[in-house]
Amino acid sequence: MLDPKRLRSELADVAAQLKTRGFELDVAQIEVLEVQRKEWQVKAQDLQATRNSRSKEIGKAKAQGQDIAPLLAEIEDLKTQLEQAEQKSDEVQTQLDDILACVPNTPHESVPVGASEDDNVEIRKWGTPREFDFEVKDHVDLAEARGWFDNDAAVKVTSSRFAVMKGSLARMQRALIQFMLNEHGQAGYEEVYVPFMVNQDSLRGTGQLPKFEADLYKISKNDEHDTNDRDLYLIPTAEVPVTNLFRDEIIDEADLPIKCTAHTPCFRSEAGSYGRDTRGLIRQHQFEKVELVQVVHPEKSHQALEELTGQAESILQKLGLPYRVVNLCTGDIGFSATKTYDLEVWLPGQEAYREISSCSNFEDFQARRLKARFRGGNGKPQLAHTLNGSGLAVGRTLVAVLENYQNEDGSVTVPEALRPYLGGAETI
RNA sequence: GGAGACGUGGCCGAGAGGCUGAAGGCGCUCCCCUGCUAAGGGAGUAUAGGGUUUGUAGCUCUAUCGAGGGUUCGAAUCCCUCCGUCUCCGCCA
């Protein structure tokens, strides 16, 4: 959520910034509502002040044994006036809140202006795609030939876009998770285990709600005396439970930066993306991911984004997977992000770089709704900055390892870094 | 899942319709005293929002005692719903 004060004091400026990411802010409506908000809020508060002081007078008079009736008569219509003013004030405030909840973050100045992913800017490349002297297979052909991947079984058990993996592939996925968690742990990220279902408050905190409910799997409690806000959702990313650990918390400044890592499955319905990446493991309703989360001092968040991105990169480097880093343009960054680097890994089966990690700085956008704060030197709580990034998407890493390390005979060489996690095996 | 007890500031803990944004204690900050240490004395110590304002200064108003409703001129206090914690029983990995 943007700072409401910014919408009052620099509305035109904010609207211009949002326009670069293709969002039209309804300036006229906000101005109208803002005038009403001020009018009714002031009125309601004035009436509350009157009521409070009158009630105290009544209390005193009663204590002294005086007749209260005339005082009561005096404030007879105060109550209805107050109710009206409060109702009106709430109404306007709710309208403003609803608008604000759907306004995305403003992009950082270092974000390239552009309309779509075509305008993203490549920052750097690492590694050289391997030259194959045989015909490369994509991960699906590779895995099916070895009996590692069984799409029919997944469809039977659940439906399309779910995976059943067997044998060495299943083991390698587990190895990748262990490897990533250990690496991040050694780099100072504390490992945390979190629930895979979250409530609405958490989803609002990180910005998935109210705008992106369609992408989420909702668990209905199916119980007649449960209210709506008890409904839980499967997490679309560990970002939600992990970042929400800091909701309504005031952190000691000395404890910043906080760095966490977590492995979770992720569940996404992605209703709009049917038809894309229908083959194989690239786009699934359920996938494994290791996530990195940081809560930092506001002055250090952009520096922290570089560090966090570098941490995700280090996994690709240790696995020897060629990749590039892309600075997402204003038209392509996510709703809550002020700046995002995507890591794209080279997939020989597609002869393309494909997203394997997305590292974002949200500045105080999430922290404001989360009330994730720290107490600074002046003793006053202030909003922290939050960041997160995939470190990495495990399913896609698995795809990348298969395709980049495939051999002509259909076997796959195990990247050296991963061998200790697979009993020392050199190939699978 | 059943039965009971309970949810107050950083923590402990009073308060049971009005003078309570909340006694007291602990902790913390500042000051005084004491040749270090210990002890003692004094002051301060929630969060959010609004108005005023060049101002994150000052002044002022409002809201918040688990959350949300309700009763009342007035609610931490009474009523309802929900959430959570503890104890006992049941069930279970």
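First residue of the first sequence: 1, per UniProt numbering; consecutive thereafter.
No residue lacks a Cβ here, since even glycine has one placed at the ideal position from N, Cα and C.
As computed with DSSP, GLN294 is found in a beta bridge with LYS259, LEU387.
DSSP, read as helix, strand or coil, puts PHE246 in helix. Residue GLU239 holds the alpha-carbon nearest to the alpha-carbon of PRO265 among GLU239, SER358, GLY423, PHE246. At the C-beta level, LEU292 and CYS260 come within 9 Å of one another. Secondary structure at ALA393: strand, using DSSP grouped into helix, strand and coil. Around the beta-carbon of CYS359, 16 or more other beta-carbon atoms lie within 10 Å, marking it buried. Counting only runs of at least 3 residues, the region 104-151 fully encloses the following beta strand (DSSP E) elements, listed from N- to C-terminal order: 121-126. For PRO4 and ILE99, the gap between their C-alpha atoms comes out near 11 Å. Within the region 345-420, complete beta strand (DSSP E) segments of at least 3 residues are found at 352-363, 373-375, 381-383, 385-393, given in chain order. With contacts defined by Cβ atoms closer than 9 Å, ILE356 and LEU308 do not form a contacting pair. Here ILE99 is not bridged, per DSSP, to any residue. ALA337 is positioned such that its CB atom lies no closer than 9 Å to that of PHE374. Sorting LEU316, PRO195, ALA384 by C-alpha distance to the C-alpha of ASP248 places ALA384 at the top.
LEU321 counts as buried, since no fewer than 16 other beta carbons sit within 10 angstroms of its beta carbon.
Taken atom to atom, the span from the alpha-carbon of VAL42 to that of TYR233 is near 39 Å.
When the five nearest sequence neighbours on each side are left out, the beta carbons in the same chain lying within less than 7 Å of the beta carbon of ALA187 are those of GLN311, in order along the chain.
Short of 7 Å from the beta carbon of THR413, and not among the five residues preceding or following it, lie these beta carbons of its own chain, in chain order: TYR405, ASN407, GLU426, THR427.
With contact defined as three or more Cβ pairs closer than 8 Å, the region 150-160 and the region 197-210 are not in contact. Here the region 108-118 lies against the region 327-344, with 3 or more beta-carbon pairs under 8 Å apart. The beta carbons of THR237 and PRO107 sit no closer together than 9 Å. Distance check between ILE219 and each of PRO241, LYS211, PRO210, PHE196 places PHE196 closest, using alpha-carbon atoms only. A straight-line Cα-Cα distance of about 24 Å links LYS60 and GLN81. When the beta-carbon positions are compared, TYR217 and PHE267 come within less than 9 Å of each other. Taking C-beta atoms as the reference points, ILE75 and THR50 count as a pair closer than 9 Å. Three or more pairs of CB atoms, one per stretch, sit closer than 8 Å, so the region 130-143 contacts the region 274-286. Taking C-beta atoms as the reference points, VAL111 and LYS339 count as a pair closer than 9 Å. Annotation: the continuous alpha helix (DSSP H) that includes ARG8 extends over 4-9.
Within its own chain, the residues whose Cβ lies closer than 6 Å to the Cβ of PRO129, once the five positions on either side in sequence are excluded, are PRO322, TRP346, listed in chain order. Its Cα nearest to that of PRO348, the residue LEU402 stands out among LEU402, SER390, THR386, HIS302.
For GLU91, the closest alpha carbon among the candidates ASN52, GLU57, GLU34, ASP46 is that of GLU34.
The DSSP-derived three-state label of GLU307 is helix. If you draw a straight line from the Cα of GLU86 to the Cα of LEU78, it comes to about 12 Å.
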